[in-house]
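The next block holds one structure in the form of structure tokens; read it before the comments.
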Amino acid sequence: MRILMILQADFPPDIRVEKEVRSLAHAGHEVHLICKNVTGRKDEEIYPDLLYIHRLRAAKSWLHRWDNLRMFPIPQNPVWKQRICEVIQNFGIEAIHVHDLPLAPLAVKLGRKFNLPVIFDMHENYPAALKAWRKRGPEKLLKNAWVARWVEKKVVHQVDRIIVVIEEQKVRLVNMGVPPDRIRVVSNTVDIKHFHPTNGTQQIRKKLAAEYILIYVGGVDENRGLETLIEAFSIVAKKNFSTKLLILGDGRKRHELECKVRARGLVGRVIFTGWVNFHQVPDYIAASDVCLVPHPSNEHSDTTVPHKIFQYMALGKPVIVSDAKPLARIIRETKAGVVFRSNDPRELAEVIFSLQDKRKRKALGEKGQHAVREKYNWKHTAETLLTLYSELQQSDITCES
């Protein structure tokens with residue numbers, strides 16, 4: 008089947024898209040991707056795993072400085088519409104697979120025009136994410152949570168199939184009136200064939216020079232619970248002088264959090280690495296003792312799940328998570344870690360203290376690793392994605408009117 012994926016961001020990178028493309032291509036599907044091109048890369052490219060990339064065309068002159076605005080992902084943007092129509096017609100596309108909400112209405116419109124089925128891949132609860140991210144200024148107008156919620160209510164009833172990352176999101180959509188048989192759960196599980204440490208683990212451990220290393224991997228932004236984590240660590244640091252916290256990632260709140268770290272006298276104990284190459288992430292996780300997902304429990308975190316929880320488990324590390332519903336459910340089910348009350352730094356500090364016991368860490372880590380081998384791995388997850396496309400091939404589904 009010739010599938011057109013639509014992604015609102017530049018590509019690469021995107022872990023989820025890469026995993027889906029790899030599985031679909033290996034199953035014999037021809038996958039094309041249209042994406043943004045703010046970084047000025049080649050318009051056309053064949054990516055590893057047989058992905059045909061068709062980027063939006065960057066401006067050739069000084070106008071390139073306006074590319075981010077010109078390529079803004081909204082349904083009314085003719086730049087996106089023209090490129091999508093061009094690829095559909097030139098490559099005989101048979102299905103549209105749109106990632107996230109911003110371009111989903113355009114995908115529906117073009118699905119009707121070309122009589123193609125539309126699959127809506129919901130990476131997260133997008134309206135709740137906008138609310139949690141607290142956009143300001145012009146972004147608040149362009150990325151408005153109320154508008155996104157209104158658009159979502161329409162789109163979920165217009166597409167042919169919906170993919171969600173966690174069961175809790177499926178329940179939310181069913182409560183909105185979406186038939187359960189139109190929803191598939193394809194979670195953010197880890198591809199264990201492509202996620203493993205190299206030779207950098209010992210060097211990282213030696214450089215950090217600490218007996219007890221904590222790590223958080225991901226965005227340093229709103230709605231990550233990093234304020235709670237730093238408060239908890241300040242309590243731990245007073246009693247354990249050989250503990251360090253590694254924050255592997257970057258984002259808008261980094262400067263603010265670095266100020267908090269300085270104010271609490273934790274410089275050198277809390278280390279911000281910025282973004283590192285994805286291939287180095289397993290080395291950092293492997294070098295740590297305990298991994299954290301401190302995301303606060305709210306409408307967004309209660310209906311999504313991050314890649315990192317499964318990455319931590321795959322490498323046999325105990326995981327501390329907040330009581331956000333999916334996180335708590337997975338950790339309690341697998342017994343791979345400990346749950347703390349969201350936004351409670353004192354309880355989080357107590358949990359961190361409790362995992363200084365090496366035998367306890369080892370037992371929890373082994374259970375998480377077993378759960379990944381048996382269930383929470385991409386090979387198992389991808390079967391749902393492949394079955395969805397097999398059903399599309401065998402049926403006569405086109406975008407609903």
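Under my numbering, residues 8 to 408 are what the sequence shown spells out, in order. Beta carbons: idealized from backbone N, C-alpha and C, even for Gly.
Rounded straight-line distance, which links the Cα of residue j to that of residue i
i              : j                 : result
glycine 144    : valine 154        : Unreliable placement is indicated for glycine 144, whose pLDDT of 44 sits below 50; the coordinate value is still reported in the next sentence. If you take the alpha carbons of glycine 144 and valine 154, they lie about 16 Å apart.
valine 38      : lysine 49         : 18 Å
valine 13      : valine 105        : For the sequence presented, residue 13 should be read as isoleucine rather than valine. So the alpha carbons of these two residues sit roughly 5 Å apart.
proline 325    : valine 86         : 46 Å
aspartate 107  : tyrosine 133      : 7 Å
arginine 212   : serine 295        : 8 Å
glycine 372    : phenylalanine 285 : 22 Å
glutamate 42   : tryptophan 157    : Note on identity: in this sequence residue 42 is cysteine, with glutamate being the wrong assignment. Looking at the two C-alpha atoms, the distance is approximately 24 Å.
glutamine 363  : valine 297        : 9 Å
glutamate 357  : tyrosine 223      : 17 Å
serine 408     : asparagine 182    : Residue confidence for serine 408 is low, a pLDDT of 41 falling below 50, so the modelled location carries little weight and cannot support an answer.
leucine 58     : alanine 102       : 15 Å
leucine 113    : glutamine 89      : 11 Å
lysine 214     : alanine 293       : 14 Å
glutamate 27   : alanine 389       : 7 Å
isoleucine 242 : threonine 208     : 27 Å
tyrosine 291   : isoleucine 220    : 10 Å
serine 402     : phenylalanine 18  : 31 Å
alanine 314    : valine 227        : Strictly speaking, residue 314 in this sequence is histidine, with alanine absent from that position. Cα to Cα, histidine 314 sits roughly 15 Å from valine 227.
lysine 160     : serine 349        : 29 Å
serine 30      : isoleucine 22     : 13 Å
glycine 258    : glutamate 265     : 12 Å
leucine 63     : proline 301       : 36 Å
proline 109    : serine 361        : 43 Å
isoleucine 316 : lysine 365        : 20 Å
alanine 139    : alanine 152       : 9 Å
glycine 35     : lysine 367        : 45 Å
Backbone secondary structure at residue i - three-state DSSP
i              : result
glutamate 25   : helix
leucine 273    : coil
isoleucine 237 : helix
arginine 9     : strand
isoleucine 173 : coil
alanine 16     : coil
arginine 348   : coil
alanine 335    : helix
threonine 388  : helix
arginine 143   : At arginine 143 the pLDDT is 47, less than 50, meaning the model places this residue with poor confidence; the figure from the coordinates comes in the next sentence. Of the three classes helix, strand and coil, the one that applies to arginine 143 here is coil, per DSSP.
arginine 377   : The displayed chain sequence assigns histidine, not arginine, to residue 377. Of the three classes helix, strand and coil, the one that applies to histidine 377 here is helix, per DSSP.
serine 329     : strand
arginine 259   : coil
valine 224     : strand
histidine 314  : helix
valine 297     : strand
valine 197     : strand
tyrosine 133   : helix
Beta-carbon proximity of residue i to residue j, cut-off 8 Å
i              : j                 : result
valine 192     : threonine 341     : no
threonine 280  : leucine 255       : yes
arginine 277   : valine 288        : Inspection of the sequence shows that residue 277 is occupied by valine rather than by arginine. No, the pair does not count as a contact, with Cβ atoms beyond the cut-off.
serine 249     : glutamate 218     : yes
glutamate 229  : lysine 260        : yes
valine 312     : isoleucine 173    : yes
alanine 111    : glutamate 306     : no
isoleucine 81  : phenylalanine 121 : no
alanine 343    : serine 304        : no
asparagine 84  : valine 45         : no
arginine 231   : phenylalanine 98  : no
glycine 323    : glutamine 400     : no
valine 345     : alanine 335       : no
threonine 205  : asparagine 384    : no
threonine 310  : glutamine 176     : yes
glutamine 15   : phenylalanine 202 : no
isoleucine 199 : alanine 32        : no
leucine 299    : isoleucine 338    : no
Opposing strand residues paired with residue i [DSSP bridges]
i                 : result
lysine 213        : None, per the DSSP bridge assignment.
arginine 168      : Ile126
cysteine 42       : Leu14, Arg62
threonine 250     : Tyr219
leucine 117       : In DSSP, leucine 117 forms no bridge with anything.
phenylalanine 98  : Paired residue(s): none; phenylalanine 98 is not in a bridge.
glutamate 51      : His61
phenylalanine 279 : Ile254
isoleucine 190    : Ile169
histidine 106     : Asp128
glutamate 37      : Arg9
C-beta neighbour in chain D for residue i, strict 8 Å
i          : result
glycine 47 : You won't find chain D in this structure, because it holds only one protein chain.
field: Three-pair Cβ contact test at 8 Å for the region 120-127 versus the region 164-173
entry: Taking 8 Å as the limit for Cβ pairs, the verdict is that the region 164-173 does touch the region 120-127.
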